[in-house]
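Which chain is which? The protein sequence lines are A and B, in order.
Using my numbering, the first residue of the first sequence is number 4, and each one after it goes up by one.
Using my numbering, the first residue of the second sequence is number 13, and each one after it goes up by one.
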Amino acid sequence: MKCGSIFLAVVLLLSVCAVVDAQKKYSIGLVFDVGGRGDKSFNDAAYRGLEWASQRLEVDVSYAEPGPGGADRENLLRRMARSGKDLVIGVGFLFTQPVVAAARDFPDVKFACVDMDVGSAGELPPNVVALTFREHEGSFIVGAIAGMKTQTNKVGFVGGMTGPLIEKFEAGYTAGVKYANPECTVLRVYAGDSPVAFADPARGYELAVQLNSQGCDIIYHAAGNTGNGVFRAAIERGFYVIGVDSNQNYLGYDSAAGKNWSLTSMLKRVDVAVYLVIEDLVNNRLEGGVREYGLKDFVKIGNETYRALDFAIDDYNRANLDEETVKKANEIIEKIVKGEIKVPKSMKEL
Amino acid sequence: MIDISIIILSTLRRSTPLIFASLGAVYSERSGVVNIGLEGIMLVGAFVSVIASNAFGLLPGILLAVVAGMAVAALHGMATITFKANQIVSGVAINLFGMGITAFIPEALMGMTDIRALNSAPLLAGLTPLVYVAIALIPVSHFLLFHTVLGLRLRSVGENPASADSLGINVSTMRYLGVVLSGALAALGGAYLALEQGGGFTKNMVAGRGFIALAAMIFGNWTPFGALGASLLFGFSDSIQTVIQTMGYTIPSQAIQALPYILTIIVLVVAVKRVRMPEADGKPYLR
Numbered sequence: 004m005k006c007g008s009i010f011l012a013v014v015l016l017l018s019v020c021a022v023v024d025a026q027k028k029y030s031i032g033l034v035f036d037v038g039g040r041g042d043k044s045f046n047d048a049a050y051r052g053l054e055w056a057s058q059r060l061e062v063d064v065s066y067a068e069p070g071p072g073g074a075d076r077e078n079l080l081r082r083m084a085r086s087g088k089d090l091v092i093g094v095g096f097l098f099t100q101p102v103v104a105a106a107r108d109f110p111d112v113k114f115a116c117v118d119m120d121v122g123s124a125g126e127l128p129p130n131v132v133a134l135t136f137r138e139h140e141g142s143f144i145v146g147a148i149a150g151m152k153t154q155t156n157k158v159g160f161v162g163g164m165t166g167p168l169i170e171k172f173e174a175g176y177t178a179g180v181k182y183a184n185p186e187c188t189v190l191r192v193y194a195g196d197s198p199v200a201f202a203d204p205a206r207g208y209e210l211a212v213q214l215n216s217q218g219c220d221i222i223y224h225a226a227g228n229t230g231n232g233v234f235r236a237a238i239e240r241g242f243y244v245i246g247v248d249s250n251q252n253y254l255g256y257d258s259a260a261g262k263n264w265s266l267t268s269m270l271k272r273v274d275v276a277v278y279l280v281i282e283d284l285v286n287n288r289l290e291g292g293v294r295e296y297g298l299k300d301f302v303k304i305g306n307e308t309y310r311a312l313d314f315a316i317d318d319y320n321r322a323n324l325d326e327e328t329v330k331k332a333n334e335i336i337e338k339i340v341k342g343e344i345k346v347p348k349s350m351k352e353l
Numbered sequence: 013m014i015d016i017s018i019i020i021l022s023t024l025r026r027s028t029p030l031i032f033a034s035l036g037a038v039y040s041e042r043s044g045v046v047n048i049g050l051e052g053i054m055l056v057g058a059f060v061s062v063i064a065s066n067a068f069g070l071l072p073g074i075l076l077a078v079v080a081g082m083a084v085a086a087l088h089g090m091a092t093i094t095f096k097a098n099q100i101v102s103g104v105a106i107n108l109f110g111m112g113i114t115a116f117i118p119e120a121l122m123g124m125t126d127i128r129a130l131n132s133a134p135l136l137a138g139l140t141p142l143v144y145v146a147i148a149l150i151p152v153s154h155f156l157l158f159h160t161v162l163g164l165r166l167r168s169v170g171e172n173p174a175s176a177d178s179l180g181i182n183v184s185t186m187r188y189l190g191v192v193l194s195g196a197l198a199a200l201g202g203a204y205l206a207l208e209q210g211g212g213f214t215k216n217m218v219a220g221r222g223f224i225a226l227a228a229m230i231f232g233n234w235t236p237f238g239a240l241g242a243s244l245l246f247g248f249s250d251s252i253q254t255v256i257q258t259m260g261y262t263i264p265s266q267a268i269q270a271l272p273y274i275l276t277i278i279v280l281v282v283a284v285k286r287v288r289m290p291e292a293d294g295k296p297y298l299r
């Protein structure tokens with residue numbers, strides 16, 4: 004009898020242990036890119052994904068932000084890994100090398116890098132997941148919309164830092180413009196060749212004013228916070244802007260005139276990617292390697308379905324996008340998904 | 013072909029923050045205090061201008077930014093004039109302070125790093141108001157520095173503080189005046205960047221313009237008109253760089269973006285022979 008009760012107690016204890024183990028709380032660390040939370044764009048989207056995960060999955064989340072210049076990216080990743088995180092996520096392609104270096108030293112911790120520059124990363128350690136997007140596909144759609152809507156047959160592109168990442172946006176956009184309107188020319192400028200080019204709104208304003216005074220009536224920006232100046236120029240001078248990464252439609256609202264200068268925004272759902280990689284970890288199916296999200300990737304969270312890439316329609320820009328344009332844009336999405344249109348991802352392929 | 017007026021207007025707009033800050037540097041260094049903290053003060057000016065103009069309107073916002081710039085500059089003055097600290101070290105500290113506080117306050121108190129300006133400056137003949145203010149301040153400053161007693165006193169403490177002191181000029185007061193004026197002007201430059209170009213505040217949005225303004229002040233041989241000329245040159249090469257990009261030439265973009273810096277080096281080499289800094293610039297005055 005006594006033995007029996009001890010046996011029972013042990014079994015109970017073990018089962019409690021088993022239950023606890025099954026509900027092991029995963030711990031996630033996320034390091035933002037320079038610009039940090041509040042950029043209304045890339046970092047904010049990553050934060051939203053983190054929030055979804057902390058609300059819907061059994062995980063602990065924490066985050067950190069590099070100092071000015073971002074030289075301490077790798078240190079922050081290491082600190083996260085050392086503090087016992089199961090998954091450490093770096094937000095932005097500038098984390099490519101730091102993630103690879105940190106992952107080598109912490110083989111038991113999984114690392115993910117949003118927007119990883121896979122080309123320059125070399126051989127990925129097995130515990131690294133590169134989260135990439137086919138931004139050229141999303142840019143193609145907003146480019147096609149710009150091509151359909153332009154009155155001057157001249158549209159502009161403001162890029163942040165020069166390099167293969169932003170070139171994907173430029174190439175897809177240019178191809179989309181030409182697909183919808185072969186007569187239309189695209190003028191493009193870049194803000195610079197260092198990460199500062201993503202955080203200089205005064206320069207963004209200047210570049211946009213220049214493009215507008217050369218006849219561009221629609222400008223697409225892929226320039227982070229530098230793009231805030233593009234919106235300011237649009238409100239001041241009266242031309243349309245296409246936002247990037249998050250839904251930036253509200254930034255084009257001129258409250259004095261009651262007019263909105265946002266044509267649409269190219270949505271790159273970093274939130275979906277961050278959420279999915281955490282979900283994979285929790286479901287024990289996270290594997291290293293490159294994950295590429297494109298127009299064909301649908302993501303379901305609860306009852307809502309999100310596409311990894313999309314163009315934004317909301318109350319701010321509904322008046323600027325007629326149904327005909329939206330219908331055509333959706334047809335183009337279908338054609339890209341079916342492979343009938345091949346979207347270039349560099350200016351060489353264009 | 014590109015309309016010349018586009019380039020002229022663009023040059024004026026891009027030069028404006030540099031004109032403000034380099035003119036500020038002229039006042040500070042003419043009084044004998046090196047102020048490499050301009051970058052940080054511009055950031056504080058940009059930040060305060062957005063917060064204050066959102067709360068109280070455009071003009072009060074700009075005025076409060078100027079007050080904040082003067083306050084931060086007074087800290088630099090206190091360290092270097094009252095306590096005779098090394099001016100470079102104090103300037104670096106001011107920069108770090110400006111970068112840190114303008115990143116910390118919005119993030120800790122408001123949970124964001126990026127604040128949108130709700131009020132937009134009106135266009136007057138194609139340019140925003142502070143552009144005209146910047147240009148108007150150049151002749152005013154020239155007159156003040158070179159044709160008034162106050163200007164003579166301010167310059168004298170930067171050249172030979174011991175002689176000035178022996179003639180009954182209060183060296184500390186004059187130096188504080190120079191430093192605080194530089195803070196006011198740098199803050200105006202920051203307010204211009206945030207309110208009239210960027211449409212809001214973003215962390216580190218000054219992006220090195222405070223340092224470029226220092227270079228402009230040196231080319232300009234520590235004079236207001238020289239600082240104006242050098243600032244216009246920087247603004248011009250920057251806008252030409254953009255024009256070349258939009259024309260779609262196949263020059264590598266890095267080469268185009270290096271243009272302002274190449275010009276900088278050329279001008280430095282040409283100008284360095286004729287520039288002369290104030291004799292006591294950078295030296296604390298010990299009785």
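All residues carry an ideal CB built from backbone N, CA and C; glycine is no exception.
With fewer than three CB-CB distances shorter than 8 Å, the stretch 211 to 229 of chain B does not count as touching the stretch 68 to 81 of chain B.
Chain order gives the chain B residues near valine 192 of chain A as Thr254, Gln257, Thr258, where near means a beta carbon separation below 8 Å.
Under the 10 Å beta carbon count, threonine 160 of chain B is surrounded by fewer than 16 other beta carbons and is classified as exposed. Against chain B, the beta carbon of alanine 67 of chain A has no neighbour under 8 Å; the closest one sits roughly 12 Å away. Look at arginine 288 of chain A here: in three-state DSSP terms it is coil, with no helix or strand label.
Scanning its chain for C-beta atoms nearer than 6 Å, with the 5 sequence neighbours on each side dropped, one finds around alanine 239 of chain B the residues Ser34, Leu35, Val38, Ala228, Met229, Gly232, in chain order. Of all residues in the stretch 188 to 209 of chain B, the ones placed with a Cβ closer than 9 Å to any Cβ belonging to chain A are Tyr204, Leu205, Ala206, Glu208, Gln209, in chain order. One finds nothing in chain B with a Cβ atom closer than 9 Å to the Cβ of glutamate 326 of chain A; even the nearest lies about 31 Å away. Just measuring C-alpha positions, the residue of A:Arg288, A:Val132, A:Gly150 sitting nearest threonine 99 of chain A is A:Val132.
Only residues of its own chain outside the window of five on either side were considered, and among them Leu35, Val38, Tyr39, Pro236 have a CB closer than 8 Å to the CB of serine 153 of chain B, listed in chain order. Contact between the stretch 229 to 249 of chain A and the stretch 188 to 204 of chain A is present: three or more C-beta pairs spanning the two stretches fall below 8 Å. In this structure, serine 216 of chain A lies near isoleucine 18 of chain B, with their beta-carbon atoms less than 9 Å apart. For the stretch 97 to 121 of chain B, the set of positions with a beta-carbon nearer than 8 Å to some beta-carbon of chain A reads Met111, Ala115, Pro118, Glu119 in chain order. For phenylalanine 160 of chain A, the enclosing beta strand (DSSP E) begins and ends at 157 to 164. Under the three-state reduction of DSSP output, glycine 122 of chain A falls in the helix class. Using a Cβ-Cβ distance cut-off of 8 Å, the stretch 319 to 334 of chain A and the stretch 271 to 287 of chain A are not in contact, since fewer than three pairs of beta carbons, one from each stretch, lie closer than that value. Sequence-distant Cβ neighbours of alanine 120 of chain B in its own chain, meaning closer than 7 Å and more than five residues away, do not exist here. The beta carbon of leucine 97 of chain A is closer than 8 Å to those of Asp36, Val37, Gly73, Arg76, Pro198 in its chain, skipping five residues each way along the sequence. In the three-state reduction of the DSSP assignment, leucine 149 of chain B falls in the helix class.
Residues are counted here when their Cβ sits less than 7 Å from a Cβ of chain A; for the stretch 126 to 138 of chain B these are Asp126, Ser132, Leu135, given in chain order.
Those residues of the stretch 242 to 269 of chain A placed with their C-beta closer than 9 Å to a C-beta in chain B are Leu254, Asp257, Ser258, Ala259, ordered along the chain.
With a cut-off of 8 Å on Cβ pairs, the stretch 140 to 155 of chain A is not in contact with the stretch 115 to 125 of chain A, counting fewer than three such pairs. Non-local beta-carbon contacts of alanine 56 of chain A in its own chain, meaning distances under 8 Å to residues more than five positions away in sequence, involve Ile31, Val62, Val64, Val277, Tyr278, Ile281, Glu282 in chain order.
With the rule of 3 Cβ pairs closer than 8 Å, the stretch 43 to 54 of chain A does not count as touching the stretch 136 to 156 of chain B.
Under the 10 Å beta carbon count, methionine 259 of chain B is surrounded by fewer than 16 other beta carbons and is classified as exposed.
Residue pairing by DSSP puts cysteine 116 of chain A in a beta bridge opposite A:Gly93, A:Ala133. Below 8 Å, enough C-beta pairs join the stretch 103 to 121 of chain A and the stretch 83 to 92 of chain A to call them touching: three or more. If you ignore the 5 residues before and after aspartate 47 of chain A, its C-beta comes within less than 8 Å of the C-beta of Arg40, Gly41, Ser249, all in its own chain and listed in chain order.
With a threshold of 9 Å between beta carbons, serine 22 of chain B makes contact with chain A. Segment contact: the stretch 334 to 342 of chain A against the stretch 183 to 193 of chain B, fewer than three CB-CB distances shorter than 8 Å; contact not assigned.
Residues of chain B whose Cβ lies closer than 7 Å to the Cβ of aspartate 120 of chain A do not exist; the shortest such Cβ separation is about 18 Å.
Per DSSP, the beta-bridge partners of serine 65 of chain A are A:Gly32. In summary, the residues of the stretch 218 to 239 of chain B whose CB is separated from some CB of chain A by less than 9 Å are Val218, Ala219, Gly220, Arg221, in the order they occur in the chain. Annotation: Cβ neighbours of glycine 212 of chain B in chain A (cutoff 8 Å, chain order): Pro204, Asn231, Arg235. The residue among A:Ile148, A:Pro128, A:Leu60 with its C-alpha nearest the C-alpha of asparagine 320 of chain A is A:Ile148. According to the DSSP secondary-structure assignment, alanine 225 of chain A is paired through a beta bridge with A:Gly162.
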